[in-house]
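As structure tokens, the structure follows; a few thoughts come after it.
Numbering (UniProt numbering), first residue to last: 1 to 131.
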């Protein structure tokens with residue numbers, strides 16, 4: 001009878017340790033995914049600077065990964081050097097490091113060209129950086 005209690009006790013401890021280990025693994029994986037997403041946002045803003053001129057500030061509202069296309073949908077508010085802001089979405093492909101799939105909503109803000117000056121960026125997790 002005592003042998004059965006020990007077996008159940010050991011089995012219970014193993015199950016609890018399995019749950020704890022699984023939770024730690026999932027939390028760690030989620031943290032890595034968030035870091036990767038911020039790095040993708042950073043790369044996409046650099047590509048955005050190579051697409052439009054006079055960008056003063058970019059605020060990334062959210063990023064979504066599309067498993068089918070392998071690209072990211074990035075939702076931003078972009079402010080130009082004259083403090084005009086525009087909210088739009090673009091796609092970013094990590095391999096080619098190019099933005100595409102955006103709609104020109106306002107040609108006076110979304111001017112084709114390159115931004116050479118430093119740009120203030122606020123990422124979707126709230127971290128701010130100058131790029």
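Note that beta-carbon positions come from the ideal geometry of N, C-alpha and C, so glycine has one too.
Practice item. For residue 56, name the three-state secondary structure that DSSP assigns. Key: strand
Exercise for review: Check residue 101 in the structure and name its three-state DSSP category.
Suggested key: coil
Review point. Between the region 55-64 and the region 118-125, do three or more beta carbon pairs fall short of 8 angstroms?
Key: yes
Point to revise | N-terminal and C-terminal residue of the beta strand (DSSP E) that residue 88 is part of | key: 85-93
Point to revise | residue 13 to residue 26 span [Cα, whole Å] | key: 20 angstroms
Review point. Leaving out the 5 sequence neighbours to the left and right, which residues in its chain are closer than 6 angstroms to residue 85 when beta-carbon positions are compared?
Key: 77 and 79
**Study point:** residue 41 burial status per 10 Å Cβ neighbour count (16 or more: buried)
**Key:** buried
Check your understanding: For the beta strand (DSSP E) that residue 77 lies in, which residues bound it at each end?
Key -> 71-80
Review point. Looking at the unbroken beta strand (DSSP E) that takes in residue 122, where does it start and where does it end?
Key: 120-122
Practice item. Using alpha carbons as the reference points, say which of 46, 3 and 88 lies closest to residue 109. Key: 88
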